[in-house]
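Per the UniProt record's numbering, residue 1 is the first one in the sequence shown, and the count goes up by one each step.
Working notes, beginning with the structure itself.
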Amino acid sequence: MPARIVLQQADITRALTRISHEILESNRGPDNLVILGIPTRGVVLADRIGGLLREISGTLVPVGALDVTLYRDDLGRNPTRAPSPTQVPPGGIDGKTVVLVDDVLYSGRTIRAALDALGSIGRPSIVRLATLIDRGHRELPIRPDFVGKNLPSSQSERINVHLQEIDGDEYVSIEESGS
Numbered sequence: 001m002p003a004r005i006v007l008q009q010a011d012i013t014r015a016l017t018r019i020s021h022e023i024l025e026s027n028r029g030p031d032n033l034v035i036l037g038i039p040t041r042g043v044v045l046a047d048r049i050g051g052l053l054r055e056i057s058g059t060l061v062p063v064g065a066l067d068v069t070l071y072r073d074d075l076g077r078n079p080t081r082a083p084s085p086t087q088v089p090p091g092g093i094d095g096k097t098v099v100l101v102d103d104v105l106y107s108g109r110t111i112r113a114a115l116d117a118l119g120s121i122g123r124p125s126i127v128r129l130a131t132l133i134d135r136g137h138r139e140l141p142i143r144p145d146f147v148g149k150n151l152p153s154s155q156s157e158r159i160n161v162h163l164q165e166i167d168g169d170e171y172v173s174i175e176e177s178g179s
């Protein structure tokens, strides 16, 4: 079965704009917010959300990156990519509201690793989760606070997120894993 496109570029932009408004509403403004993207595509999405937050609120919200590679519980089973640098914005995360950003939420294991990684760099007052796609199939009790699209899928399907900055095109598709 060929890949089926479920979000186009305009849909992704709309979802990120809505997520940005929801973050500001939930936090009652931009004060004490820090946005941290999880590599690879979560960093791009975090940068975009940071730009949208600035457009909406008129305030620069710090954006950084949080590499979780060495905190994963599946390093022995799955080949992994090389670690990316963690980039904590000036001012750190202590006492701040940190919004973790990732592209697809699936089992919850990446977010569990992100929580461990976060604890090694500081102590935020609140941690929230924003994800472009929530596909279900959680193995851990983790739930996103801000979701672009809930996309129920079978475990035999794969969700592909393409972003202009990395892939040269922009869409989200779903396909059978063997495709």
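Each residue gets a CB set at the ideal place from its N, CA and C atoms; glycine is no exception.
Beta bridge pairing from DSSP links Val44 with no other residue. Under the three-state reduction of DSSP, Arg109 is assigned to helix. Ala82 counts as exposed, since fewer than 16 other C-beta atoms from the protein chains shown sit within 10 angstroms of its C-beta. Residue environment analysis places Arg28 among the exposed positions, since fewer than 16 neighbouring C-beta atoms fall within 10 angstroms of its C-beta. With the rule of 3 Cβ pairs closer than 8 Å, the segment 115–129 does not count as touching the segment 8–19. The three-state secondary structure of Leu132, taken from DSSP, is strand. Between Leu53 and Pro30, the CB-CB gap stays under 8 Å. DSSP places Arg54 in the helix class (H, G or I) of the three-state scheme.
Per DSSP, reduced to three states, the secondary structure at Asp116 is helical.
Residues Ala3, Arg4, Val6, Leu151, Ser153, Glu157, Arg158, Ile159, Asn160 of the same chain have their beta carbon placed closer than 8 Å to that of Ile174, with the five preceding and five following residues left out of the count. Taking a C-beta distance under 8 Å as the contact criterion, Gly37 and Val101 qualify as a contact pair. Asn27 carries a helical assignment under DSSP once its states are collapsed to helix, strand and coil.
In the three-state scheme derived from DSSP, where H, G and I count as helix and E and B as strand, Glu139 is classed as coil. Under a 10 Å Cβ-count criterion, Thr59 is classified as exposed, with fewer than 16 other Cβ atoms of the shown protein chains found around its own Cβ.
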